[in-house]
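See structure below.
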Amino acid sequence: MDYFLNEQQIMIRDLARQIAVEKVLPVRAELDEREEFPWEIMKDLAAADLFAIFVPEAYGGLGAGILDMCLAVEELSRACAGVAVTFASSALGAFPIILFGSEEQKAKYLPDIASGKKLAAFGLTEAGAGSDAAGMQTTARLDGDHYVLNGTKQWITNGGEAETYSVIAMTNKARGTRGASAFIVEKGTPGFSFGKKEKKMGIRTSATRELIFEDCRIPRENLLGREGQGFIAAMKTLDKSRPGIGAQALGIAQGAYEEAVRYARERVQFGKPISSFQAVQHILANMATKIESARALIYSVARFQDSGAKDTGVESAMAKLYASDIAMEVTVDAVQVLGGYGYMREYPMEKYMRDAKITQIYEGTNQIQRNVIALGVIKRSAGRKK
Ligand SMILES: Cc1cc2nc3c(=O)[nH]c(=O)nc-3n(C[C@H](O)[C@H](O)[C@H](O)COP(=O)(O)OP(=O)(O)OC[C@H]3O[C@@H](n4cnc5c(N)ncnc54)[C@H](O)[C@@H]3O)c2cc1C
């Protein structure tokens, strides 16, 4: 279907597609098997200026929109979602700075993120605070010209590899969500260390680690926005980035679907290609319909965000929820189309299926997305005139 992309969007999509085909596809199985961080590919993405997409022009970026970002993430995910999330998490780490940073903070940190010289990461989750992010225990205490951070963030994408971290910590526990604040923490700050690299089901090339703060002193000027704005910063960041998780899921589904169609045309049983059996055709038809529906929703929500609309949380959650659910369904069906071969690591299907699962979990599980959507639509309906 034609989504009437502009010239810049077509250029970004084609560039990301070219890198995905030439640089990612040949090594994806090996990166996954060895659980190796994709540094070489990050360098290719930097050389192609793709990290500039999400950074405003004033700080060395392209100042392009969420749709542009979604197109790049979709193309990379079509080849390998682990590579795509490594790229996208730099945007996730940069969004709190873009949304809440001062001129000085933006000028200091964003140009290196835009050039891809430095990766960023976002630290919200803790062992006891996942869906219930407000239950976080990491604290930041003001001591003269410094904040002193103590606590541990869990499962942080790009943890250990990124140089710049947006971290949410409690500055006043008694105030609940209003007592959380956002900070920039640089790798190498004394008292800031990392846990071991987690062993995961999927997206295994990506790095997931703990961020450990032990009396970590950071300059007072690293506070993002005002004290007490940390929870809002986290929620606004997730609203902005969730269509990107949708795009990741969409790319995974698209990649699995293409492999399934190719295989169905080639595989012969009972003297015919299996694509001639109606049962197989219907599986492919369902896949194609779900994928196109997800794409239409994600692109529309991304455009809605790019229009500057303020209240996009519901739609953002819908894009993430729908695309990740269909990615799971499509990849399970794609394994089925390949039969036993789908179960073998020699083919990419089992990787697509493993990679799809995380899109239903991170940046808020799909149960939480349904909560966000339900609360939002009920609130909107209360404010609507009959
Ligand atoms: C590979 C990976 C990478 C990640 N990267 C990052 C990152 O870069 N930065 C970061 O901050 N975090 C990151 N996370 C954390 C991720 O966002 C959380 O795992 C996620 O928000 C869910 O939290 P939880 O795992 O603690 O699950 P829990 O909150 O313990 O939920 C467990 C189950 O209970 C359900 N549940 C919980 N509360 C409710 C409710 N109120 N209503 C209905 N159901 C509910 C959930 O849907 C889920 O099914 C990452 C996680 C993983 C696995």
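Heads up: the sequence shown begins at 3 in this note's numbering, then just goes up one per residue.
Ideal placement from N, C-alpha and C gives every residue a C-beta, glycine not left out.
Spatial distance of residue i from residue j (CA atoms)
i: Asp-357; j: Arg-264; result: 20 angstroms
i: Phe-102; j: Phe-233; result: 12 angstroms
i: Phe-194; j: Asp-147; result: 18 angstroms
i: Arg-297; j: Gln-11; result: 15 angstroms
i: Asn-373; j: Ala-319; result: 9 angstroms
i: Asp-114; j: Trp-41; result: 16 angstroms
i: Leu-151; j: Arg-244; result: 28 angstroms
i: Ile-247; j: Ile-220; result: 31 angstroms
i: Cys-82; j: Leu-340; result: 19 angstroms
i: Ile-390; j: Thr-191; result: Residue 390 falls outside the range modelled here, since the chain spans only 3 to 388, and no answer is possible.
i: Asp-313; j: Val-29; result: 40 angstroms
i: Ala-164; j: Leu-144; result: 25 angstroms
i: Ala-18; j: Asp-51; result: 10 angstroms
i: Glu-59; j: Glu-331; result: 39 angstroms
i: Thr-291; j: Phe-215; result: 47 angstroms
i: Ala-235; j: Lys-108; result: 15 angstroms
i: Glu-223; j: Ala-116; result: 22 angstroms
i: Gly-84; j: Gly-253; result: 12 angstroms
i: Asp-308; j: Ile-100; result: 15 angstroms
i: Tyr-345; j: Gly-132; result: 32 angstroms
i: Gly-454; j: Val-316; result: For residue 454 there is no data in the structure shown, the boundaries of the chain being 3 and 388.
i: Asp-46; j: Cys-218; result: 34 angstroms
i: Leu-27; j: Lys-359; result: 20 angstroms
i: Gly-141; j: Gly-153; result: Reading off the sequence, residue 141 comes out as Thr, not Gly. The straight-line gap from Cα to Cα measures roughly 6 angstroms.
i: Glu-352; j: Lys-238; result: 34 angstroms
i: Gln-362; j: Lys-201; result: 18 angstroms
i: Ala-74; j: Asp-16; result: 8 angstroms
i: Asp-241; j: Gly-366; result: 10 angstroms
i: Met-289; j: Gly-178; result: 44 angstroms
i: Val-337; j: Thr-166; result: 38 angstroms
i: Glu-76; j: Asn-174; result: 40 angstroms
i: Gln-371; j: Ile-300; result: 15 angstroms
i: Ile-43; j: Ala-266; result: 31 angstroms
i: Leu-7; j: Tyr-364; result: 28 angstroms
i: Ala-22; j: Ala-251; result: 16 angstroms
Endpoints, alpha helix (DSSP H) assigned at residue i
i: Pro-221; result: Unbroken run through Pro-221 is the beta strand (DSSP E), 210-221; no alpha helix (DSSP H).
i: Ser-117; result: Per DSSP, Ser-117 belongs to no alpha helix (DSSP H) and is neither H nor E.
i: Ser-243; result: 232-268
i: Ile-99; result: 83-102
Enclosing beta strand (DSSP E) for residue i [first to last residue]
i: Phe-185; result: 182-188
i: Asn-152; result: 148-159
i: Asp-134; result: That residue, Asp-134, is in no beta strand (DSSP E); it is neither H nor E in DSSP.
i: Thr-141; result: 141-145
i: Ala-171; result: 166-172
i: Ser-195; result: 194-196
Go through the stretch 13-80 residue by residue and report every complete run of the alpha helix (DSSP H) that reaches 4 residues or more, in order. 30-36, 41-49
Inter-stretch contact (C-beta, 8 angstroms, three-pair minimum) for the stretch 214-234 and the stretch 254-266: no
Should the stretch 271-290 be called in touch with the stretch 88-103, which here means at least 3 C-beta pairs below 8 angstroms? no
Mind the definition here: the stretch 194-208 touches the stretch 19-37 only if three or more C-beta pairs lie below 8 angstroms; say whether that holds. yes
Hey, which unbroken runs of the alpha helix (DSSP H) at 4 residues or more fall wholly within the stretch 307-368? 315-339, 342-345, 351-361
Is it true that the stretch 65-77 meets the stretch 298-311, where meeting means three or more beta-carbon pairs spaced less than 8 angstroms apart? yes
The stretch 283-296 in contact with the stretch 319-328 per 3-pair CB rule at 8 angstroms: yes
Counting pairs of Cβ atoms below 8 angstroms between the stretch 158-170 and the stretch 184-191, do you hit three or more? yes
Does the structure place the stretch 112-127 close enough to the stretch 154-162 that three or more beta carbon pairs sit under 8 angstroms? yes
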